[in-house]
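Worksheet: one structure, shown below.
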Amino acid sequence: MSRIGKQPISIPSGVEVKLEGTLLKFKKGNLAKDLDTKANVNVEIKDNHILFSPKGDDRQSRAYWGTYRALASNIVIGLTEGFSKTLEINGVGYKAALKGKVLELSLGFSHPINYEIPAGIEISVDKNNVIVKGSDKQVVGQVAAQIREFRPPEPYKGKGVKYADERIIRKAGKTSKK
Numbered sequence: 001m002s003r004i005g006k007q008p009i010s011i012p013s014g015v016e017v018k019l020e021g022t023l024l025k026f027k028k029g030n031l032a033k034d035l036d037t038k039a040n041v042n043v044e045i046k047d048n049h050i051l052f053s054p055k056g057d058d059r060q061s062r063a064y065w066g067t068y069r070a071l072a073s074n075i076v077i078g079l080t081e082g083f084s085k086t087l088e089i090n091g092v093g094y095k096a097a098l099k100g101k102v103l104e105l106s107l108g109f110s111h112p113i114n115y116e117i118p119a120g121i122e123i124s125v126d127k128n129n130v131i132v133k134g135s136d137k138q139v140v141g142q143v144a145a146q147i148r149e150f151r152p153p154e155p156y157k158g159k160g161v162k163y164a165d166e167r168i169i170r171k172a173g174k175t176s177k178k
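Numbered according to full-length UniProt numbering, the sequence shown spans residues 1 to 178.
Below, the structure written as structure tokens:
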């Protein structure tokens with residue numbers, strides 16, 4: 001049985017939660033998110049907490065139980081605190097700069113890469129760090145992955161774009177025969 005699904009989600013002050021059929025609506029200020037809980041999960045709002053329970057005892061209902069609880073929790077955290085990912089740029093001449101709603105990356109190619117920043121995402125650049133912030137965990141992770149994919153880190157010198165907490169496994173270079 002899921003242990004995540006059993007835990008109630010406390011609703012912080014300032015966040016409004018409404019249940020309309022199978023649709024769970026979250027709102028804080030001008031930010032709003034919806035979560036469709038389909039037919040496999042029961043949702044209750046009691047005493048400033050959101051409670052989830054599976055409708056049946058089948059495997060699918062139990063799987064959705066923990067999944068929808070985690071998605072709802074991520075929405076609440078995103079609306080109150082937000083999510084962020086930090087990327088490091090390593091390499092001689094590799095740099096990033098913000099130009100309006102465009103992130104310009106110089107990553108050793110013959111041309112700079114211009115990345116359009118999606119709506120709902122904030123990007124800040126500090127020396128060789130690019131910080132991606134937003135209220136939607138999936139979108140923040142996707143944007144960070146797209147930026148990293150322009151020049152993934154290579155295993156010999158570690159040049160490229162990597163997550164700040166990522167550890168690159170280094171390879172030994174060529175050795176001469178004697």
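Note that the Cβ used here is the ideal one computed from N, Cα and C, for glycine as well.
### Bounding residues of the beta strand (DSSP E) (the contiguous stretch that carries Gly160)
That run of the beta strand (DSSP E) goes 160-163.
### Message
Please report the straight-line C-alpha distance between Gly100 and Asp57, rounded to a whole angstrom.
### Response
Spanning the two alpha carbons is a distance of roughly 52 Å.
### Task
Determine, using beta carbons only, whether Ile117 and Val102 come nearer to each other than 8 Å.
Yes, they are a contact pair.
### Task
Assign Ile9 to one of two classes, buried (16 or more other C-beta atoms within 10 Å of its C-beta) or exposed (fewer than that).
Per the 10 Å Cβ criterion, buried.
### Task
Quick one: grab the DSSP three-state call for Ala119.
In the structure shown, Ala119 sits in coil (DSSP, three-state: anything other than H, G, I, E or B).
### Query
Does the distance from the CB of Lys18 to the CB of Lys25 come in under 8 Å?
Yes, they are a contact pair.
### Distance, Arg167 Cα to Pro152 Cα
C-alpha separation (whole angstroms): 12 Å.
### Task
In the DSSP assignment, find the beta strand (DSSP E) that holds Val41 and state where it starts and stops.
Its beta strand (DSSP E) spans residues 41-46.
### Query
Are there 16 or more other CB atoms within 10 angstroms of the CB of Ser135, so buried, or fewer, so exposed?
With 16 or more Cβ atoms within 10 Å of its Cβ, Ser135 is classed as buried.
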